[in-house]
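Asker:
Protein chains in written order, with the numbering used here: chain A, 1 to 738; chain B, 1001 to 1672.
(1) Would you call the region 609–627 of chain A and the region 578–588 of chain A in contact, with 3 or more CB pairs under 8 Å?
(2) On a CA-only basis, which of B:1301, B:1451, B:1583 and B:1460 is nearest residue 1403 of chain B? Give me that one, please.
(3) Determine the burial state of residue 662 of chain A: buried for a count of at least 16 other Cβ atoms within 10 Å of its Cβ, exposed for fewer.
(4) Pull up the distance between the alpha-carbon of residue 461 of chain A and that of residue 326 of chain A, whole angstroms please.
(5) Can you list the residues of chain A that residue 1526 of chain B reaches, using a CB-CB cut of under 7 Å?
(6) Exposed or buried, residue 454 of chain A, counting other C-beta atoms within 10 Å across all chains shown (16 or more means buried)?
(7) Give me the chain E residues within the contact set of residue 1445 of chain B, using Cβ-Cβ distance strictly less than 8 Å, ordered along the chain.
(8) I'd like to know whether the C-beta of residue 1672 of chain B is nearer than 8 Å to at least one C-beta of chain A.
(9) Kindly indicate which three-state DSSP category residue 1433 of chain B falls into: helix, strand or coil?
(10) If contacts are defined as beta-carbon pairs under 8 Å, then residue 622 of chain A and residue 713 of chain A qualify, I think. What distance do you get, rounded to the angstrom?
(11) Under 8 Å: do the region 1120–1137 of chain B and the region 1247–1257 of chain B share three or more Cβ pairs, one atom per stretch?
(12) Give the DSSP-derived three-state secondary structure of residue 575 of chain A in the structure shown.
(13) When you check each C-beta in the region 286–319 of chain A against every C-beta of chain B, which residues fall closer than 7 Å?
(14) Taking residue 1533 of chain B as the query, report the chain A residues whose CB atoms sit under 7 Å from its CB, ordered along the chain.
(15) With 8 Å as the threshold, decide whether the Cβ of residue 1258 of chain B is near any Cβ in chain A.
(16) Suppose you measure from the CA of residue 1452 of chain B to the CA of residue 1561 of chain B; what does that come to, to the nearest Å?
(17) Return helix, strand or coil for residue 1468 of chain B, following the three-state DSSP convention.
(18) To the nearest whole angstrom, what separates the beta carbons of residue 253 of chain A and residue 152 of chain A, a pair I think is in contact under 8 Å?
(19) Kindly list, in the order they appear in chain A, the residues whose Cβ is closer than 8 Å to that of residue 1460 of chain B.
(20) Taking only beta-carbon positions, decide if residue 1263 of chain B is within less than 8 Å of chain A.
(21) Does residue 698 of chain A pass the burial test, meaning 16 or more other C-beta atoms within 10 Å, or should it be called exposed?
(22) Under 8 Å: do the region 1576–1593 of chain B and the region 1012–1031 of chain B share three or more Cβ pairs, one atom per stretch?
(23) Could you please tell me which residues of the region 1420–1448 of chain B, in chain order, have their CB closer than 7 Å to any CB of chain A?
(24) For residue 511 of chain A, tell me which candidate among A:465, A:572, A:463 and A:459 has the shortest Cα-Cα distance.
(25) Cutting at 7 Å between CB atoms, please list the residues of its own chain near residue 74 of chain A, excluding the five before and the five after it.
(26) Does residue 238 of chain A have its Cβ less than 8 Å from a Cβ in chain B?
(27) Please state whether the Cβ-Cβ distance between residue 1428 of chain B and residue 1498 of chain B is less than 8 Å.
(28) Counting only Cβ pairs nearer than 8 Å, list the residues of chain B close to residue 82 of chain A.
(29) Does DSSP put residue 743 of chain A in a helix, in a strand, or in coil?
(30) Relative to the C-alpha of residue 211 of chain A, which candidate in A:228, A:157 and A:200 has its C-alpha closest?
(31) Let's see if you can read the secondary structure: which residues bound the beta strand (DSSP E) around residue 1538 of chain B?
(32) If you follow the alpha helix (DSSP H) that residue 1501 of chain B is part of, which residue opens it and which one closes it?
(33) For residue 1530 of chain B, would you say it is in contact with chain A, using Cβ-to-Cβ distances shorter than 8 Å as the test?
(34) Rounded to the nearest angstrom, how far is the Cβ of residue 513 of chain A from that of residue 577 of chain A, given a contact under 8 Å?
(35) So if DSSP puts residue 211 of chain A in a beta bridge, which residue, or which two residues, is it bridged to?
(36) Between residue 461 of chain A and chain B, is there a C-beta pair that is closer than 8 Å?
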């Protein structure tokens, strides 16, 4: 009975808009029209209003227009007899409610500045549970997982489960499927988020269980996140509401679970979500809307038993999710990657502060018979032999073999060890190679975790993801101190050889580059070309990764490109690369300079780790990484920069690149290279200090790093220029960058 | 009730299913007032004429060439010829396309008068009219490739609506006299449909030119190839469907507002006992719109009271009724066949008519009552009747003329005698323009035809049928429409309706949202319930059949149902047609690729060749064809069979599987 839904939702729309108008009026009287009205650290203003109406709300006074739109959208109430059609009006009422709620949430940031915690992680013990609007840094970092497929979608859970245990079970099932859980609203004061905390589940962006807020209006944070994906990654222009919403319907696989009694205001929000193509599934007996059209499949499905709600939800949304099947006693999936294990929850530790030796090493053998696939050997004491709070050495040696296996793939497989182990609930891993650290939680031990399970994880997952490049794999794990040290020393020798080999690869001596169109699901016209000396701008894919990825899936997003003739060695123009880019971008881009941001730079998908921008007054270049949320001398924050150039466009004067690219020899060499770099955030400088010093030596300016300004020097060109002059920064002596 | 056994009068229960009509027929017969229903009993149809084989084109005739009994097509040589040697095929084809010419001329000339008024309005010479739908004006400008923005100080700003309207009006008017090229609106059709027209060289050059050329080619001794004659009929019909009619609909929408769903009432019961009843009847809304404006003026209400009446009721008949219903929710007194009955209630102070489908008998029937029969158009006067008045409509003084008409009606109120108004009046929801359907399928932000296509593809809706056309005194009033439509919606075929067919649906209660649960199949009912619509959508007047063309085009563009109109699981039907306009409409639907089912035969039976050309060959050429089946249930079966064939061709005859997408599937999604 859609009519009942429509009746309720339209009523709810009126309630919400009317309430919002009251809150707005009071705020206007108290704070005045010039009071700032914003979500924290975002270039997208109040993102739903901005993306759909094209109105950037900056001050309280600006919101008037948007509330007027909301009011005008409210349709007449539905008559009981000979009524007029209500589907369109119902969706309009829902949209009105959502536009109004976003303004209400914006005003909350003025009235109760501490209501929401501006962070990735929560601290419920200290009353910091609600996270509110995600800052752009979080949005970019997390948005990438939607783009690369490691997060298939999100569920907005509204209300509360019957008890904390059921809440935990539902959350766990979504985590297992790698789906983000965005939580809002309450059921008679009880919230799903608090239920999870009560059940001992860690909530926050790091576990993909995001407590947005306790009110239904916090649903706008989820929808705002989705619309930022459309603008930031899809390059859809704010105000182009139809494309924003269709982008979400086709590419952002989100849906709503309404838990508990559904009131008129919830109905309005559910109707609003249908505009996005996001269906609602409820566990109560609400009227259903089954015919398809605005959403891909059903619009509202009722009476879903809670034990089936996850499976039913992904089906209704038309989403295929995979659950990693790893034979261990712990839950497993990307959602558990960010989980923290604090000292109090820890059972034992390897490496880290315990200073025990650790190493992770993937090596290969040519003889297939030498490897017994799936064999896991543990040499030394196991968890059971350690007391609570104790420590163990840990040397993990993975031995692979296969007809197609190449030595070059070893480091790629090795880099997987970190996140593959981290995916297990109850394990926390940091670092890599010989600086790794692993914490095992008490909970994991209680569930029966033993050292052998590390081998089981690596065997199962590496086969699943990289099975195309090797045939057999076995794992040896050493917890015996001397043996572990012995393996570590062997590995260290290999690391030296390996590093030298990769560092010696050059663009000149390599004929085959690789494309990366992984992000085309979100930025349809963007195409990356990855060469040995220009890693992908997301920082996740270097040339070797792309090569392996192609071997694994020959029709996948990484395709070999014969670079063809070198048309300009300095700027990095290659005939073959140009042909490929022209084809893959549907003729939108026909010429690309690999090493220049001034002339025909490479396009950017919005996933970039850093953005370099021209600073004309300093005759140089600045770069900023996405973790840095402050202002920059370009006059724009990272978010604003990414907003102007993401989505697959070519923007001379700007280019996206990876952090690692800064210390690669070809870094913007067409524009003068690293010697042009006049400003970067201090944290980035610190992160790459050692390598930057080394590059300085190579360029004949050993203290180059100290001549580069950062935010402690200044945030405008005027502020940093005296510093550069004083330090005799090389850029000042170079030819005009223009 | 002894009259009902009289062989010279109609048996009410046998000629209509509408209870108000039955009651009024009995009443009329009791009073000895003759109606069209009675005349249909008395007067037989001419057998020669119904077969189309009477040639009256030159003074050597009329020549009649009846088909020899027993001759089956192809079995024996067909040697029938007229004095000049004209074959039966030539005679039938000439008569047929002359009917097309007349039908197209009627709608298109209506379009011309709307366009002239529109242009006068744009030039500020007709102050009583204005631009009510500026969005549509800008859209229409786009069809004529007229820029809607201009550069001011380096910024593109929207152009002044009045200046834009002048250009639109001039461009539109030029379409009638255009001699070369093709009509601007043809480009609105799906590309593949346009390609077919191009291939068969059937694109009209100008609206008038194609009508004139029919008159030339059917003159004695000119075109003697029935295929070539019908080809010209097709070309002329497109000039109406995608020209005169469509532009008229658009410009009326700009001036009077694009219809959006609205509620209304229908049947003779809408007439009032204590108010002045003014019926506006005909097709052209230029006069009726002004009457609707004028009647709400306090001065007119005051005038009515001064005559002892409690105000006015303005109701409509025929398509003028549909025009004021879909835009203003004004009531409908009745359809074409009920026009005499309205006067017979004795409650009608003024029967105000414009053009088309006005029975001359109104003049005589009005004489029996106090009713003033007011003609308004210089092209449509009536020579007879003591109650007949002509108030010449002038666009520059339109509102004044409307007031004059209302005053005549009010002055006539004291002359009213005994009244006999049946109680029937049904509720309905009407006004489904193409724009309105789009809005209601997704709201302001997501409005599109995609949900309709989606539910056609998934089989909840089996197909679409436009059921349109007149009433015809030779078939049972309303029954043919209602029976056909009930059978279609029972089988999940959603119906779009216009004209007098829409009125039959309204009287039968099919235009209420509640009707879906009662009459529609489970799939269609579910969709109707989701959107809140009746299973039969009232899209306007017979002129507004062009809305069915634009809606069908939107369906093609929404994707998944083929490339051209001929691919759609759709059909058209005119079960009770009678006017030449209906032939013009049918031909433009067929030429656009639509299967058209009629319940009253075309006058073509005298030539098996012409019949085969229209019912078989046309499909080869344009994808659409004519078909005739008088039994509405059998007609529905044939329509459903046709829809099922189209579904099969589209590969949507089987249940669709739910597709679950993973990331690599999503990477393959084309750039939006």
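Where a beta carbon is used, it is the ideal one built from N, C-alpha and C, also for glycine. These numbers were taken from a predicted model, which means no experiment stands behind them.
Answerer: Checking against the coordinates, here is how it stands:
(1) With a cut-off of 8 Å, the region 578–588 of chain A and the region 609–627 of chain A do not count as touching, because too few Cβ pairs lie within range.
(2) For the purposes of this step, residue 1403 of chain B is taken as the residue at position 403 of the second chain. Among B:1301, B:1451, B:1583 and B:1460, the Cα nearest to that of residue 1403 of chain B belongs to B:1301.
(3) Locating residue 662 of chain A in the first chain gives position 662, where the first residue counts as 1. Classification of residue 662 of chain A: buried, given that the 10 Å Cβ count is 16 or more.
(4) The count along the first chain starts at 1 and reaches residue 461 of chain A at position 461. The count along the first chain starts at 1 and reaches residue 326 of chain A at position 326. Between residue 461 of chain A and residue 326 of chain A, the C-alpha separation is close to 7 Å.
(5) Here residue 1526 of chain B refers to the residue found at position 526 when the second chain is read from its first residue. In chain order: 290 and 291.
(6) Here residue 454 of chain A refers to the residue found at position 454 of the first chain. A residue is called buried once 16 or more other Cβ atoms fall within 10 Å of its Cβ, and residue 454 of chain A is buried on that count.
(7) This model lacks chain E altogether, as its protein chains are A and B.
(8) Here residue 1672 of chain B refers to the residue found at position 672 when the second chain is read from its first residue. Residue placement at residue 1672 of chain B is poorly supported in this model, since its pLDDT is 44, which falls under 50; the coordinates still yield a value, given next. At least one beta carbon of chain A lies nearer than 8 Å to the beta carbon of residue 1672 of chain B.
(9) Position 433 of the second chain, counting from 1, holds the residue named residue 1433 of chain B. In this structure, DSSP gives residue 1433 of chain B a state outside helix and strand, which the three-state scheme calls coil.
(10) Within the first chain, the letter at position 622 stands for residue 622 of chain A. Within the first chain, the letter at position 713 stands for residue 713 of chain A. The pair is not a contact, with the Cβ atoms about 11 Å apart (cut-off 8 Å).
(11) Touching, yes, given that three or more Cβ pairs across the two stretches are closer than 8 Å.
(12) Within the first chain, residue 575 of chain A is the residue found at index 575, counting from 1. Residue state, collapsed to three classes: helix.
(13) The region 286–319 of chain A vs chain B, Cβ under 7 Å: 289, 290, 291, 292, 293, 294, 297, 315, 318 and 319.
(14) What you label residue 1533 of chain B is simply residue 533 of the second chain in a count that begins at 1. Result: 85.
(15) The sequence position of residue 1258 of chain B within the second chain is 258, counting from 1. Not an interface residue.
(16) As a position in the second chain, residue 1452 of chain B is number 452, starting the count at 1. As a position in the second chain, residue 1561 of chain B is number 561, starting the count at 1. Cα-Cα distance, rounded: 11 Å.
(17) Along the second chain, read from residue 1 onward, the residue named residue 1468 of chain B stands at position 468. In the structure shown, residue 1468 of chain B sits in coil (DSSP, three-state: anything other than H, G, I, E or B).
(18) To locate residue 253 of chain A, count along the first chain from 1; it is residue 253. To locate residue 152 of chain A, count along the first chain from 1; it is residue 152. Sure, about 6 Å apart at Cβ, within 8 Å.
(19) By 1-based counting over the second chain, the position of residue 1460 of chain B is 460. Correct list: 291.
(20) On the second chain, position 263 is the one that residue 1263 of chain B refers to. Residue 1263 of chain B counts as touching chain A.
(21) Taking the first residue of the first chain as 1, we reach residue 698 of chain A at position 698. Exposed, since its Cβ has fewer than 16 Cβ neighbours within 10 Å.
(22) Result no; under three Cβ-Cβ pairs closer than 8 Å.
(23) Considering only beta carbons, the part of the region 1420–1448 of chain B lying closer than 7 Å to chain A consists of 1427, 1429, 1439, 1440, 1441, 1442, 1443, 1444, 1445, 1446 and 1447, in chain order.
(24) Stepping through the first chain from its first residue, residue 511 of chain A is reached at position 511. Out of A:465, A:572, A:463 and A:459, A:572 has the C-alpha closest to the C-alpha of residue 511 of chain A.
(25) Walking along the first chain from the start, residue 74 of chain A turns up at place 74. Apart from sequence neighbours up to five positions away, the residues of its chain that approach residue 74 of chain A with a beta-carbon distance below 7 Å are 13, 14, 17, 93 and 96, ordered along the chain.
(26) Numbered from 1 along the first chain, position 238 holds the residue referred to as residue 238 of chain A. Closer than 8 Å: no.
(27) As a first step, residue 1428 of chain B is located in the second chain; it is residue number 428 there, counting from the start. As a first step, residue 1498 of chain B is located in the second chain; it is residue number 498 there, counting from the start. Taking a C-beta distance under 8 Å as the contact criterion, residue 1428 of chain B and residue 1498 of chain B do not qualify as a contact pair.
(28) The residue given as residue 82 of chain A occupies position 82 in the first chain. The contacting residues are 1263, 1427, 1428, 1429, 1512, 1513 and 1514.
(29) Residue 743 of chain A lies beyond the residue range present for chain A, which begins at 1 and ends at 738; the question has no answer from this structure.
(30) Stepping through the first chain from its first residue, residue 211 of chain A is reached at position 211. The residue with the shortest Cα to Cα distance from residue 211 of chain A is A:157.
(31) The residue given as residue 1538 of chain B occupies position 538 in the second chain. Residue 1538 of chain B -> beta strand (DSSP E) spans 1536–1540.
(32) Along the second chain, one-based indexing puts residue 1501 of chain B at 501. Unbroken alpha helix (DSSP H) run through residue 1501 of chain B: 1499–1507.
(33) Start at 1 with the first residue of the second chain, and residue 1530 of chain B comes out as number 530. At least one CB of chain A lies nearer than 8 Å to the CB of residue 1530 of chain B.
(34) Within the first chain, residue 513 of chain A is the residue found at index 513, counting from 1. Within the first chain, residue 577 of chain A is the residue found at index 577, counting from 1. Between residue 513 of chain A and residue 577 of chain A, the beta carbon gap of about 6 Å places them in contact (Cβ cut-off 8 Å).
(35) For this step, residue 211 of chain A is matched to residue 211 along the first chain. Residue 211 of chain A pairs with A:183.
(36) Counting from 1 along the first chain, the entry for residue 461 of chain A is found at position 461. By the rule that beta-carbons nearer than 8 Å mark a contact, residue 461 of chain A does not touch chain B.
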